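Going from the sequence shown to this note's numbering is simple: count from 1 and add 16.
A virtual CB, placed ideally from N, CA and C, is assigned to each residue, including glycine.
Note that the structure is a prediction, hence the values are computed from the model and not measured.
I have placed the structure first, in the form of structure tokens, so that the comments after it can refer back to it.
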Amino acid sequence: MSVFRPDSEFMEFLGKVADFVILNLLCAICSIPIVTAGAAITARNYTAMKMTRGEEPSAVKSYFKSFRENFRQVTAIWMGFVVIWAMIALDWYNIIMHPTHNFPFTLKIVFAVMTFIFWATNDCLFYLEARFELKSLQLVKTALIMALLNIPKMVLICAATFLPYIICAWYIQWGLGIWILCKCVSLYYISKGWNRQFSKVLTGGEV
17 MSVFRPDSEF MEFLGKVADF VILNLLCAIC SIPIVTAGAA ITARNYTAMK MTRGEEPSAV
77 KSYFKSFREN FRQVTAIWMG FVVIWAMIAL DWYNIIMHPT HNFPFTLKIV FAVMTFIFWA
137 TNDCLFYLEA RFELKSLQLV KTALIMALLN IPKMVLICAA TFLPYIICAW YIQWGLGIWI
197 LCKCVSLYYI SKGWNRQFSK VLTGGEV
């Protein structure tokens with residue numbers, strides 16, 4: 017049947033799905049040593065954005081190319097972020113596990129907003145690093161500005177990022193399949209969205 021020809025739209029679609037599955041699995045495996053997680057996520061974003069721009073790179077080759085090229089810079093920044101994340105996690109542990117400390121509700125809200133902004137900055141940084149060549153300090157500053165200018169978008173991205181894990185927790189027996197499906201769909205649409213925004217920056221349009 018023509019639908020199963022290598023050059024048919026159906027087979028091309030399956031090929032893209034397979035590439036996104038490979039990307040997410042590579043990212044998960046390369047993130048197991050926490051030191052390499054920053055480079056792993058950047059490489060995933062780099063390859064996903066190329067694929068959604070229609071450049072059709074080899075997923076594995078493109079992934080490890082970006083991983084090697086960005087490893088030094090992004091790992092240095094990432095390790096600094098890991099320290100901050102550890103402090104944030106400790107603070108949330110104290111807030112949740114020691115309610116007798118009577119943390120004011122307003123303070124909890126402020127801390128939650130700060131945590132979200134830090135996560136959003138973290139997420140924007142990996143996409144910026146995947147698309148542009150910037151010095152470390154400029155990269156962090158630009159990521160923070162992007163996060164603050166795109167709060168509604170970052171809320172949606174946050175939901176798309178963490179929803180697969182929540183669904184997996186509810187349906188643990190199908191966890192891996194659900195995780196792969198949700199991560200592939202979210203990675204595709206998030207990468208497509210950042211491509212549109214970055215193209216406006218590159219062409220001098222409004223973001």
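query                                                                                                                 : result
Selected residue, minimal CA-CA separation from residue 95, among 64, 83, 51                                          : 51
Whole-angstrom distance between residue 128 and residue 121, CA atom to CA atom                                       : 11 Å
Euclidean distance between Cα positions of residue 157 and residue 193                                                : 37 Å
Validate contact between the segment 140-149 and the segment 56-69 using beta carbons, cut 8 Å, 3 pairs               : yes
Cβ-Cβ distance between residue 211 and residue 67 below 7 Å                                                           : no
7 Å Cβ cutoff met for residue 63 and residue 78                                                                       : yes
Within 7 Å, strictly: CB atoms of residue 146 and residue 40                                                          : no
Spatial neighbours of residue 32 in its chain, beta-carbon cut-off 6 Å, leaving aside the 5 residues before and after : none
Nearest residue (CA-CA) to residue 200, options 216, 179, 217                                                         : 179
Any alpha helix (DSSP H) of 4 or more consecutive residues that is wholly inside the segment 136-210                  : 152-165, 167-186
Rounded C-alpha distance that separates residue 93 from residue 137                                                   : 12 Å
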